[in-house]
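Novice:
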Amino acid sequence: MKLFLTAAATLACSLMGSDCLANNLSSVQVVAVESPNGGREYLSPWSSSTARDHGGGWIKVTVEEIGYGNNQRATLLGYSLRETDTQRLCNVGGYAGLCRRGGSIFGYRRTWEVRGLDGGNFEYMVIPNGIGPTRRVHLTIR
Numbered sequence: 033m034k035l036f037l038t039a040a041a042t043l044a045c046s047l048m049g050s051d052c053l054a055n056n057l058s059s060v061q062v063v064a065v066e067s068p069n070g071g072r073e074y075l076s077p078w079s080s081s082t083a084r085d086h087g088g089g090w091i092k093v094t095v096e097e098i099g100y101g102n103n104q105r106a107t108l109l110g111y112s113l114r115e116t117d118t119q120r121l122c123n124v125g126g127y128a129g130l131c132r133r134g135g136s137i138f139g140y141r142r143t144w145e146v147r148g149l150d151g152g153n154f155e156y157m158v159i160p161n162g163i164g165p166t167r168r169v170h171l172t173i174r
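Counting the sequence shown from 1 gives a position; my numbering is that position plus 32.
1. Measuring straight from C-alpha to C-alpha, what distance separates Ile173 and Leu109?
2. In terms of residue numbering, what span does the beta strand (DSSP E) encompassing Trp78 cover?
3. Between which residues of its own chain and Arg141 is the CB-CB distance below 7 Å, once the five residues before and five after are set aside?
4. Quick one: what's got a C-beta closer than 7 Å to Ser81's C-beta in the same chain, skipping five residues either side?
5. Within 10 angstroms of its Cβ, does Leu57 collect 16 or more other Cβ (buried), or is it exposed?
6. Could you work out which residue in Gly139, Cys131 and Val65 is closest to Trp90 when comparing CA atoms only?
7. With a threshold of 6 Å on Cβ separation, who are the neighbours of Glu155 within its own chain once the five nearest residues in sequence on each side are excluded?
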């Protein structure tokens, strides 16, 4: 059955164009958390929580997706966050950076905002456009 599904996906991609198989979502990570109390805190890919205490009226969480996905969803303590900004990412000197004119997009940097919460369990979920599992990232915001 798995072989059949792989063959069907390959056939569908060949009919849709060459970008289809390149649309896999390779990684998702939280890169920054910002709030009035905690300022802007940059996070390493292996961070499981923030080092600073955040809150003070609003919290913004910035996530980077490498690859292509859809149905993005961010929650804090189960409450949905509002997406406030989306920036395209391109290869800039071997690193993910903001796209310049004519650059090839390979991901997105998305910023999500919540008001009235001072921290808790953050979860981000995205479904890849291509083949692969749903990607999730978790972070405890102090």
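Backbone N, C-alpha and C fix where the C-beta goes; we use that ideal spot for every residue, glycine too.
Specialist: So, from the listed chains and residues:
1. Counting from 1 along the sequence shown, the entry for residue 173 is found at position 141. Counting from 1 along the sequence shown, the entry for residue 109 is found at position 77. Going from the Cα of Ile173 to the Cα of Leu109 covers about 10 Å.
2. Reading the sequence shown from its first residue, position 46 is the one you call residue 78. Element bounds for Trp78: n/a, residue is neither H nor E.
3. Within the sequence shown, residue 141 is the residue found at index 109, counting from 1. Thr94, Glu96, Gln119 and Leu121, listed in sequence order.
4. The residue you call residue 81 lines up with position 49 of the sequence shown. So the qualifying residues of the chain are Leu171, Thr172 and Arg174.
5. Position 25 of the sequence shown, counting from 1, holds the residue named residue 57. With 16 or more Cβ atoms within 10 Å of its Cβ, Leu57 is classed as buried.
6. Here residue 90 is taken as the residue at index 58 of the sequence shown, counted from 1. The shortest C-alpha separation from Trp90 is found at Val65.
7. As a first step, residue 155 must be located in the sequence shown, where it is residue number 123. So the list reads Thr107 and His170, once near-sequence residues are dropped.
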